[in-house]
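First comes the structure, then the notes that go with it.
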């Protein structure tokens, strides 16, 4: 009886073990497959994360990035940037393009006011309104006369010293791009005072397609400005020659009393192909303006040395002495209407007529030494390509 019981128990245990072992094996196999799948997924995720790190230009744990791993991707922020710079420049640089000039800057602005947004640049003057009186730019603390100003890489300045009159040349309609170099420059930058930096203006670009525009604007202080522009496009009968004509007329009473201004500008540019790979650029611009501003009196008076004021008093437009020009005539005082006084407005008229012209052949064959003007043009083309990339 006992033997029969033990035998039955042994058979039952063997049957149970036989049924359990395959199930356990299958469970272990499934767990192993799951672990392998998880490991593979983790590895893939790690590889994907590593790839993303490479694309973002970041280092990863496996190896340092090389130049081939860095991918530059355009973004809306880059497209919306108002200033840019060349990637190959050897000194701090900022460029302002035509799109910013058209959409943001006042249409009456002079060439100094176009660069007010660039780093390390500050603008003073223009008390009579934007473009109605001369301004001065300061670059990294250097005043006008300590830096260079060029137009199409040709330096210009007064005959007596390397300073500049911002309303006497180049209204904003004649400028395509302004590049500010905040450094002493290199051998390709010619001028009297390059050690303080360079303001390099470039003339309007001629286009391949025919087009034109006419606009008239009115503003405060009886201001009127009229503009016209014509692009011929490439003319096949002339070998692909392209021409641009432009003009501007501005008139205003000014923000200050008895300080009217008027200016006229004409602009013409031609790019004529010579042979199969060379071009000749011809440019001429003419400017005539007048304004009323004293060469002796540097602004309206606010107080006199004989006026008794408490020690430490700071004169402002709100506490100018009653006998001062601002105290008598207001904070917008510029000139007066009394012929018996030195500040009579008709005694303080200035007329200026200026012109700027050049012709520049540009060789297209290889092996030719580039002049400073051509080199600067190459840097500008790269800068413009950078501005327009991704647009």
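Residue numbers (the working numbering): 2 to 392.
Idealized CB from N, CA, C, for every residue including glycine.
This one's a predicted model, so the numbers in the text were calculated from it and none came from an experiment.
For residue 104, the first and last residue of its enclosing alpha helix (DSSP H): Your numbering for residue 104 matches position 103 in the chain shown. Judged by DSSP secondary structure, residue 104 falls within the alpha helix (DSSP H) whose first and last residues are 99 to 104.
Three-state class that DSSP yields for residue 197 in the structure shown: Translated into positions along the chain shown, residue 197 becomes position 196. Residue 197: helix per DSSP, three-state reduction.
Rounded separation between residue 147 and residue 200 - CA only: As a first step, residue 147 must be located in the chain shown, where it is residue number 146. As a first step, residue 200 must be located in the chain shown, where it is residue number 199. Note on geometry: alpha-carbon atoms of residue 147 and residue 200 lie some 11 Å from one another.
Residue 85 classed as buried or exposed, judged by whether at least 16 other C-beta atoms fall within 10 angstroms: As a first step, residue 85 must be located in the chain shown, where it is residue number 84. Residue 85 is buried by the Cβ-count criterion.
For residue 394, the three-state DSSP class (helix, strand or coil): Past the edges of the chain, shown from 2 to 392, lies residue 394, and the structure says nothing about it.
Coarse secondary structure for residue 237, derived from DSSP in three states: Position 236 of the chain shown, counting from 1, holds the residue named residue 237. Here residue 237 sits in helix by DSSP.
Contacts around residue 124, its chain only, beta-carbon distance under 7 Å, and the 5 residues preceding and following it disregarded: On the chain shown, residue 124 is found 123 positions in, with the first residue counted as 1. So the qualifying residues of the chain are 113, 114, 117, 136 and 138.
Ranges of the beta strand (DSSP E) found wholly within the region 254 to 330, counting only runs of at least 3: If you keep only unbroken beta strand (DSSP E) runs of at least 3 residues inside the region 254 to 330, you get 262 to 275 and 279 to 293.
Pairwise C-alpha distance: residue 302 and residue 325: Sequence index remark: in the chain shown, residue 325 carries index 324 (1-based). Sequence index remark: in the chain shown, residue 302 carries index 301 (1-based). The alpha-carbon atoms of residue 325 and residue 302 are separated by roughly 6 Å.
Rounded C-alpha distance that separates residue 235 from residue 242: On the chain shown, position 234 is the one that residue 235 refers to. On the chain shown, position 241 is the one that residue 242 refers to. C-alpha of residue 235 to C-alpha of residue 242: approximately 5 Å in a straight line.
Contacts around residue 320, its chain only, beta-carbon distance under 7 Å, and the 5 residues preceding and following it disregarded: Along the chain shown, read from residue 1 onward, the residue named residue 320 stands at position 319. Exclusion of the five residues before and after residue 320 leaves no residue of its chain whose Cβ lies closer than 7 Å to its Cβ.
Secondary structure of residue 88, DSSP reduced to three states: As a working note, residue 88 is residue 87 in the chain shown. The three-state secondary structure of residue 88, taken from DSSP, is coil.
Validate contact between the region 256 to 263 and the region 330 to 346 using beta carbons, cut 8 Å, 3 pairs: The region 256 to 263 vs the region 330 to 346: in contact.
Which listed residue (161, 195 and 203) has its alpha carbon closest to that of residue 97: Position 96 of the chain shown, counted from the first residue, corresponds to residue 97. Selection 161, 195 and 203 evaluated against residue 97 yields 203 as nearest (Cα-Cα).
6 Å CB neighbourhood of residue 169 in its chain, flanking five on each side removed: Taking the first residue of the chain shown as 1, we reach residue 169 at position 168. Hits under 6 Å: 353 and 355.
Cβ pair residue 134, residue 294 closer than 8 Å: By one-based count along the chain shown, residue 134 stands at place 133. By one-based count along the chain shown, residue 294 stands at place 293. A contact, by the Cβ cut-off of 8 Å.
Beta-bridge partners of residue 361, as assigned by DSSP: Against the chain shown, residue 361 aligns to sequence position 360. Its beta-bridge partners are 282.
Buried or exposed (CB count within 10 angstroms, at least 16 for buried), residue 108: Position 107 of the chain shown, counting from 1, holds the residue named residue 108. Counting every other CB atom within 10 Å of its CB across the protein chains shown gives residue 108 a total of 16 or more, marking it as buried.
Start and end residues, beta strand (DSSP E) containing residue 227: Counting from 1 along the chain shown, the entry for residue 227 is found at position 226. Annotation: the continuous beta strand (DSSP E) that includes residue 227 extends over 224 to 232.
Closest by C-alpha distance to residue 195, when choosing among 178, 220, 164 and 119: Numbered from its first residue, the chain shown carries residue 195 at position 194. Of 178, 220, 164 and 119, the residue nearest in Cα terms is 164.
Close Cβ partners of residue 207 (< 7 Å) along its chain, the five nearest in sequence each way excluded: Position 206 of the chain shown, counted from the first residue, corresponds to residue 207. Excluding five sequence positions before and after residue 207, the CB atoms of its chain that fall closer than 7 Å to its own CB belong to 232, 243, 244, 245, 270 and 272, given in chain order.
Cβ neighbours of residue 162 in the same chain (closer than 7 Å, five flanking residues each side left out): One-based indexing of the chain shown puts residue 162 at position 161. Around residue 162: 146.
Test: residue 204 CB closer than 8 Å to a CB of chain D: Checking the listed chains, one finds no chain D in this structure; it contains a single protein chain.
Cα-Cα separation between residue 313 and residue 220, rounded to whole angstroms: As a first step, residue 313 must be located in the chain shown, where it is residue number 312. As a first step, residue 220 must be located in the chain shown, where it is residue number 219. When the Cα atoms are used, residue 313 and residue 220 turn out to be separated by approximately 41 Å.
Nearest-angstrom beta carbon gap, residue 94 and residue 180 [assumed within contact, 8 Å]: What you label residue 180 is simply residue 179 of the chain shown in a count that begins at 1. What you label residue 94 is simply residue 93 of the chain shown in a count that begins at 1. 6 Å between Cβ atoms; contact.
Cα-Cα separation between residue 288 and residue 87, rounded to whole angstroms: Here residue 288 is taken as the residue at index 287 of the chain shown, counted from 1. Here residue 87 is taken as the residue at index 86 of the chain shown, counted from 1. Whole-angstrom Cα-Cα distance: 32 Å.
Cβ separation of residue 92 and residue 149, assumed to be a contact under 8 Å, to the nearest whole Å: In the chain shown, residue 92 corresponds to position 91, counting from 1. In the chain shown, residue 149 corresponds to position 148, counting from 1. Taking the Cβ atoms as the reference, residue 92 lies roughly 13 Å from residue 149, outside the contact range of under 8 Å.
Residue 174 - containing beta strand (DSSP E), residue span: If you number the chain shown from 1, residue 174 lands on position 173. Neither: residue 174 is in no beta strand (DSSP E) and is coded neither H nor E.
Where residue 292 falls, given that 16 or more other Cβ within 10 Å makes a residue buried: Locating residue 292 in the chain shown gives position 291, where the first residue counts as 1. Looking at its Cβ environment, which holds 16 or more other Cβ atoms inside 10 Å, residue 292 is buried.
Test item: CB-CB of residue 177 and residue 205 under 8 Å: Counting from 1 along the chain shown, the entry for residue 177 is found at position 176. Counting from 1 along the chain shown, the entry for residue 205 is found at position 204. Taking the C-beta atoms as reference points, residue 205 is found nearer than 8 Å to residue 177.
Cβ neighbours of residue 361 in the same chain (closer than 6 Å, five flanking residues each side left out): Sequence index remark: in the chain shown, residue 361 carries index 360 (1-based). Here the set comprises 282.
CA-to-CA distance, residue 155 to residue 1, given in whole angstroms: Because residue 1 is not part of the residues shown, which for the chain are 2 to 392, the question remains open.
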